[in-house]
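K.L.:
Residue numbers (my numbering), protein chains in the order written: chain R, 1 to 116; chain D, 1 to 114.
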């Protein structure tokens, strides 16, 4: 069975600090995808990134960066120079692909609070 | 472009009542999903439909039924609501032609069963 662990339940930082959200996963599949979603206080789920199991290159998008390490089964997410608008719950998810549908296994989420 | 639309946004039910949550997507996606979100538990898959005409159970299907009405619409029915079904329900869709494609989520339905 697949499993995603986000051990950090809640993180509080002051604006402009860097923050890393941890994600550790378990799967027996050799081909899989990992995702990060953001859930702001308004409640919707916003897709941030999708990474496949064969691509261990780090990715940077503006203030966001992702570090995928297959050796440690981790897919960590770093926000550089955090802003108040980054305050949200962040979910890491793993896709079990059967070829016909991509079902997601979610972690329990990390609530990030950024204050002035 | 509305994406994934869920109705209603809020609902209060009494124990034993039934109701149907509606979901429609306008992205021409083949696959659709229903998840529930409970505090401290993340999102869990209830049912999914890989394509029109098929439905399958997810992790927590008990107490629910689904109908894939057509390619656009996927409804979730609670036949006899229980307090344990108090949750936020999310519908999602994804593009089956892109394997492991990201899911797009609706705004959620906050359901309270009293």
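For glycine and all other residues, C-beta sits at the position ideal for the given N, C-alpha and C. Here the structure is a predicted model, which means the values were calculated and not measured.
Is the CB-CB distance between residue 49 (chain D) and residue 27 (chain D) below 8 Å?
P.N.:
The answer is no: Cβ separation not under 8 Å.
K.L.:
Where DSSP assigns a beta bridge to residue 104 (chain R), which residues make up the other side?
P.N.:
Partner(s): R:95.
K.L.:
So, using beta-carbon positions, are residue 112 (chain R) and residue 87 (chain R) closer together than 8 Å?
P.N.:
It is a contact, given that the beta carbons lie within the stated cut-off.
K.L.:
Given 8 Å as the limit, is there contact between the segment 30-38 of chain R and the segment 78-88 of chain D, that is, 3 or more CB pairs closer than that?
P.N.:
Segments in contact, no.
K.L.:
Strictly below 7 Å CB to CB, what residues from chain R border residue 42 (chain D)?
P.N.:
Going along chain R in sequence order, the residues near residue 42 (chain D) (Cβ under 7 Å) are 91, 106, 107, 108 and 109.
K.L.:
Taking all protein chains shown into account, decide if residue 103 (chain R) is buried (16 or more other Cβ within 10 angstroms of its Cβ) or exposed.
P.N.:
Residue 103 (chain R) should be labelled buried.
K.L.:
For residue 42 (chain D), count neighbouring C-beta atoms within 10 Å of its own C-beta (all shown protein chains included) and say buried if the count is 16 or more, exposed if not.
P.N.:
The residue is buried, with at least 16 neighbouring Cβ atoms inside 10 Å.
K.L.:
For residue 107 (chain D) and chain R, any beta-carbon pair shorter than 8 Å?
P.N.:
Yes, contact with chain R.
K.L.:
Check this for me: beta carbons of residue 22 (chain R) and residue 78 (chain R), under 8 Å apart or not?
P.N.:
It is not a contact, given that the beta carbons lie outside the stated cut-off.
K.L.:
Would residue 95 (chain R) and residue 25 (chain R) be called neighbours here (beta carbons separated by less than 8 Å)?
P.N.:
Contact: no.
K.L.:
Check the DSSP bridge columns for residue 45 (chain D) and list the partner residues they point to.
P.N.:
Answer is D:35, bridged to residue 45 (chain D).
K.L.:
Name the DSSP bridge partner or partners of residue 25 (chain D)?
P.N.:
Partner(s): D:4.
K.L.:
Count the other C-beta atoms from every protein chain shown that fall within 10 angstroms of the C-beta of residue 93 (chain R), then say buried if there are 16 or more, exposed otherwise.
P.N.:
With 16 or more Cβ atoms within 10 Å of its Cβ, residue 93 (chain R) is classed as buried.
K.L.:
Starting from the Cα of residue 63 (chain R), find the closest Cα among R:55, R:16, R:45 and R:54 and give me that residue.
P.N.:
Per the Cα distances, R:16.
K.L.:
Could you tell me whether any Cβ in chain D is nearer than 8 Å to the Cβ of residue 62 (chain R)?
P.N.:
By this cut-off, residue 62 (chain R) is not an interface position.
K.L.:
Helix, strand or coil: how does DSSP classify residue 85 (chain D) here?
P.N.:
In the structure shown, residue 85 (chain D) sits in a helix (DSSP, three-state: H, G or I).
K.L.:
Once you ignore the five residues that flank residue 55 (chain D) on each side, which residues in its own chain have a CB closer than 8 Å to its CB?
P.N.:
Around residue 55 (chain D): 47, 48, 49, 66, 67 and 68.
K.L.:
What does the alpha-carbon distance come out to for the pair residue 52 (chain R) and residue 27 (chain R)?
P.N.:
Rounded to whole angstroms, residue 52 (chain R) to residue 27 (chain R) spans 13 Å at the Cα level.
K.L.:
Could you please tell me which residues of the segment 36-69 of chain D, in chain order, have their CB closer than 9 Å to any CB of chain R?
P.N.:
Listed by position, the residues of the segment 36-69 of chain D near chain R (Cβ gap below 9 Å) are 37, 40, 41, 42, 43, 44, 45, 48, 49, 50, 51, 54, 56, 58 and 59.
K.L.:
List, from N- to C-terminal side, the beta strand (DSSP E) runs of 3 residues or more that fit wholly inside the segment 53-87 of chain R.
P.N.:
Correct list: 59-61, 64-69 and 74-79.
K.L.:
Rounded to the nearest angstrom, what separates residue 6 (chain D) and residue 89 (chain D) at their Cα positions?
P.N.:
Their Cα atoms are separated by approximately 9 Å.
K.L.:
Are the beta-carbon atoms of residue 107 (chain R) and residue 9 (chain R) separated by less than 8 Å?
P.N.:
Cβ atoms of residue 107 (chain R) and residue 9 (chain R): not closer than 8 Å.
K.L.:
Would you say residue 44 (chain R) faces chain D, with C-beta separation under 8 Å as the test?
P.N.:
By this cut-off, residue 44 (chain R) is an interface position.
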